[in-house]
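The opening residue of the sequence shown carries number 478 in the working numbering; numbering runs sequentially from there.
Don't be surprised by glycine CBs; every beta carbon is placed ideally from N, CA and C.
As the structure is a computational prediction, the values presented were derived from the model and not from experiment.
To start, the structure under review is shown below, and the notes come after it.
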Amino acid sequence: METTLIEIKQEKAGFEGFVGSWLCRGPIHLLIDVGPINTSRSLITSLDAMGIEEIEYILLTHIHIDHAGALAPLLDRFPMAQVVSHQKGLNHLADPSKLWAGSQKVLGDLAVMYGRPEPVDPRRLIPHTESVIPGLEIIETPGHAPHHLSFSYGGRLFSGEAAGNYLMVNGKEYLRPATPPRFFFQVFVESVNRLMALQDQTICYAHFGQASSSRHLLERFKEQLFRWKEIIWKEYQKGEQDLLLRCLEILLERDPELGSFQYMSPECQARERTFIMNAVKGFVGFFKENNL
Ligand SMILES: [Zn+2]
Numbered sequence: 478m479e480t481t482l483i484e485i486k487q488e489k490a491g492f493e494g495f496v497g498s499w500l501c502r503g504p505i506h507l508l509i510d511v512g513p514i515n516t517s518r519s520l521i522t523s524l525d526a527m528g529i530e531e532i533e534y535i536l537l538t539h540i541h542i543d544h545a546g547a548l549a550p551l552l553d554r555f556p557m558a559q560v561v562s563h564q565k566g567l568n569h570l571a572d573p574s575k576l577w578a579g580s581q582k583v584l585g586d587l588a589v590m591y592g593r594p595e596p597v598d599p600r601r602l603i604p605h606t607e608s609v610i611p612g613l614e615i616i617e618t619p620g621h622a623p624h625h626l627s628f629s630y631g632g633r634l635f636s637g638e639a640a641g642n643y644l645m646v647n648g649k650e651y652l653r654p655a656t657p658p659r660f661f662f663q664v665f666v667e668s669v670n671r672l673m674a675l676q677d678q679t680i681c682y683a684h685f686g687q688a689s690s691s692r693h694l695l696e697r698f699k700e701q702l703f704r705w706k707e708i709i710w711k712e713y714q715k716g717e718q719d720l721l722l723r724c725l726e727i728l729l730e731r732d733p734e735l736g737s738f739q740y741m742s743p744e745c746q747a748r749e750r751t752f753i754m755n756a757v758k759g760f761v762g763f764f765k766e767n768n769l
């Protein structure tokens with residue numbers, strides 16, 4: 478089986494090499510995540526250029542608009558395709574109005590860049606509990622989103638954002654949690670444990686790229702989650718003044734997994750600052766919700 482990461486270029490500077498779709502070409506064609514609706518043309522053009530005439534299944538790691546937004550135009554282009562999604566996400570795909578409202582609130586300008594998803598014909602949607610794709614293992618990995626799924630297929634683990642974001646910067650690794658509010662620490666860690674219990678395989682990240690050993694990367698990611706918890710907890714106890722900014726600076730200074738931040742372009746650094754602070758917000762919300 479051949480697996481390809483198709484980059485879906487976004488117009489905003491700093492979003493190069495960040496949004497993509499994984500294509501598996503074997504006995505059947507699978508597409509994992511489809512990116513935002515505003516760049517659906519770009520994905521369809523790439524698939525056409527690769528000579529892809531049919532997609533049997535589109536798998537969604539989660540329904541956030543930068544992963545599932547382009548679903549309606551993709552289903553128009555590939556009329557035989559069916560979608561496998563977490564059953565909790567199905568209603569939002571058929572009627573994305575609440576999802577869109579929520580996305581605007583959380584993402585602001587980014588939501589406008591990604592675009593408002595169009596409704597999808599519910600008859601094309603398969604709940605993850607009922608999928609019967611040969612060789613596909615579906616793992617429930619709530620955390621980044623309550624409806625998050627990971628997929629193991631053809632010796633590869635498609636972890637969406639359950640194992641964080643993993644990028645190469647100037648040939649150096651960069652690993653960052655994606656833990657926006659509402660964030661439940663234990664739920665997230667249990668999902669990582671579930672992925673670690675699988676056989677060691679290549680791990681394929683939604684944002685953005687792959688690494689050869691899922692176990693090794695998941696181990697590092699789990700350590701990172703505990704490291705962030707400790708650092709953010711200490712800052713949280715000092716008070717709320719500039720809490721997010723303080724955490725951002727200390728994490729960039731002390732977390733070795735973020736070391737290659739320094740080699741990023743200023744635009745990529747701006748993007749990462751936003752996402753790091755959003756992830757910190759998740760931790761802070763978790764402490765508050767649990768009266769810690
Ligand atoms: Zn995402």
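- Distance from the C-beta of His563 to the nearest heavy atom of ligand 1 is not below 8 Å.
- Thr656 is a Cβ neighbour of Gly759, given a cutoff of 9 Å.
- Under the 10 Å beta carbon count, Gln564 is surrounded by fewer than 16 other beta carbons and is classified as exposed.
- Take the alpha-carbon of Ser668 and the one of Lys699: they are about 10 Å apart.
- Proximity annotation: ligand 1 has residues His541, Asp543, His544, Glu638, Ala683, His684 in chain order, each selected because its CB is closer than 6 Å to a heavy atom of the ligand.
- Under the three-state reduction of DSSP, Arg659 is assigned to coil, being neither helix nor strand.
- Gly494 is positioned such that its CB atom lies closer than 9 Å to that of Gly686.
- Annotated as distal: Asn642 and Pro658, with beta-carbon spacing of 9 Å or more.
- The DSSP-derived three-state label of Pro550 is helix.
- The criterion of a C-beta distance shorter than 9 Å is not satisfied by Val761 and Ile708.
- Between the region 644-652 and the region 589-602, the count of Cβ pairs shorter than 8 Å is below three; the stretches do not touch.
- DSSP, read as helix, strand or coil, puts Gly497 in strand.
- In the same chain as Lys575, and ignoring 5 residues on each side of it, the C-beta atoms closer than 8 Å to its own belong to His569, in chain order.
- Residue pairing from DSSP leaves Ile610 without any beta-bridge partner.
- In the three-state reduction of the DSSP assignment, Ala622 falls in the coil class, being assigned neither a helical nor a strand state.
- By the neighbour-count definition (other C-beta atoms within 10 Å, threshold 16), Phe555 is a buried residue.
- In the three-state reduction of the DSSP assignment, Asn767 falls in the coil class.
- Residue state for Leu567 is assigned as helix, using DSSP reduced to three classes.
- DSSP places Phe635 inside the beta strand (DSSP E), whose first and last residues are 633-637.
- At a Cβ-Cβ threshold of 9 Å, Tyr651 and Glu734 count as neighbours.
- Close CB contacts of Asp732 within its chain, under the 8 Å cut and outside five residues either way in sequence, are with Gln701, Arg704, Trp705, Ile708 (chain order).
- Sorting Phe661, Glu712, Met478, Gly612 by C-alpha distance to the C-alpha of Thr618 places Phe661 at the top.
- Per the C-alpha coordinates, the member of Ala747, Met741, Ser742 positioned closest to Leu725 is Ala747.
- Between Thr522 and Cys501, the beta carbon gap of about 19 Å keeps them out of contact (Cβ cut-off 8 Å).
- In the pairwise beta carbon analysis, the region 541-553 is classified as touching the region 511-528: at least three pairs are separated by under 8 Å.
- Bridge pairing for His506: Arg502 [DSSP].
- Beyond the five residues adjoining it in sequence on each side, Pro550 comes within less than 6 Å, by CB distance, of Ser517 in the same chain, given in chain order.
- As summarised for the region 570-603, the continuous alpha helix (DSSP H) elements at least 4 residues long and confined to that stretch are 574-584, 586-591, given in chain order.
- One thing to note: Met754 has its Cβ no nearer than 9 Å to the Cβ of Leu729.
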